[in-house]
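Below is one structure, written out as structure tokens; comments come after it.
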Amino acid sequence: MIIVLCRAAILFVVIMISMRILGKRQLGEMEPAEFVIALVISDLASVPIENIGVPLLYALFPITLLVSLELLITYGTLKSLNFRILVCGKPSIVIENGKINQSEMSKSRISVNELFEQLRGKNVSDISQVKYAILETSGEFNVILFSEHSPVTVSDLKIEYEDKGLPIAVIDDGKLIKKNMRIRNIDRQWLDSYLKKRKLPQPKEIFLMTIDDQGNIYISEKERKR
Amino acid sequence: MKLLIIGLAMLLTVTLLCYANQNYLKASLGTVIHDLDTILVDLQNEKWESADEITKSIIDGWFAKKGYYMSVVTHEHIHSVETALIELQCSIENRVQEEAIKSARVVQTQLENLLSEEVLSLASVL
């Protein structure tokens, strides 16, 4: 039994390293080749865990090979458009200027029901409002509306708006994040005096404290245990 | 460029390791198969002492490299070869010619099968 645990631990580490090398994409964002490789890697890894009579190298070598091939394919897709089309395919424009492109729909094997489902998912109920609906190579469905139906933005309203920037956490679950404190130019002394002034508890009693570029502070205290 | 270098490095490492493993396996098992040929000749001529000596050296060599074999060959194969080798040794010690020849041939066939599965060929790939 201990052998199974050791093997599982080794393969877990190998798969984690492989996934880190392959990148940060989520399952739904994977290209076909990446999806196939993820499936095959999981299958390869399961065999030596289940059967201790199979050498670990039977999984480790093919996994390394697949990861290296995926890296080479990624390099190829970044360098050559034709290679990218060959490996990943082309995005399908299923609606163009408010008109359904039926041949693209049948090529992509999308039914009208599925098209409506995807549009509803993007809060669109009227096809005539859609300038483009694109089925990306990753399987994601993107909708671009005609400008008269697009949501209003700050620039459309021509009002002045000060960008607050990215709020970053300086306390996370009671722990000080010193790197972020340095970014926001604050020290422990300032933090303690700020919390004291606001009659807030010590940092270890704070669940989350963020500060944005403008110095706006958000604080959430830890919930008391019942 | 980083992707290309890492990808090629990994691909080359794996390919070279597999190639080196195949050659080492071919050489070490090839020697054992050759020794078994000598044992078969000795057994037919009833040279029991010589057959016994070679068998012992094969078994010692096998157990010395067992760790390596276990890491590259399915354990089922390893256990079958070991069992057949012990049977061969027992038959030689008991001076049963027919049984000893049969055991030597069994070991030889098992090793040849093992090699044919591990060495690159169209048949083994397909």
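Protein chains in written order, with numbering that gives the first Met the number 0: chain A, 0 to 225; chain B, 0 to 125. Every residue gets a Cβ at the ideal spot worked out from N, C-alpha and C, and that includes glycine. Just so we're clear, the structure is a prediction, and the values are computed from it rather than from any experiment.
- By the 16-neighbour rule on beta-carbons within 10 angstroms, leucine 2 of chain B is buried.
- Counting along the chain, the unbroken beta strand (DSSP E) around lysine 130 of chain A starts and ends at 129-134.
- Per the Cβ contact rule, the segment 1-21 of chain B is in contact with the segment 72-84 of chain A (3 or more Cβ pairs under 8 Å).
- Here aspartate 125 of chain A carries a coil assignment [DSSP, helix/strand/coil].
- In the three-state reduction of the DSSP assignment, leucine 165 of chain A falls in the coil class, being assigned neither a helical nor a strand state.
- DSSP, reduced to helix, strand and coil, places methionine 208 of chain A within a strand of the structure shown.
- Taking a Cβ-Cβ cut-off of 7 Å, the neighbours of valine 66 of chain A in chain B comprise Met9, given in sequence order.
- The Cβ of threonine 73 of chain B sits closer than 8 Å to at least one Cβ of chain A.
- A contact is defined here as three or more CB-CB pairs under 8 Å, and the segment 74-84 of chain B meets this definition with respect to the segment 108-121 of chain B.
- Straight-line measurement puts the Cα of glutamate 95 of chain A at about 23 Å from the Cα of leucine 80 of chain A.
- One finds nothing in chain B with a Cβ atom closer than 9 Å to the Cβ of phenylalanine 82 of chain A; even the nearest lies about 13 Å away.
- Following the DSSP letters along the chain, one finds asparagine 112 of chain A inside the alpha helix (DSSP H) bounded by residues 111-120.
- Scanning its chain for C-beta atoms nearer than 7 Å, with the 5 sequence neighbours on each side dropped, one finds around tyrosine 160 of chain A the residues Val153, in chain order.
- Contact annotation: lysine 25 of chain B and leucine 114 of chain B have beta-carbon atoms nearer than 8 Å.
- Contact of leucine 2 of chain B with chain A is assigned, a C-beta pair being separated by under 8 Å.
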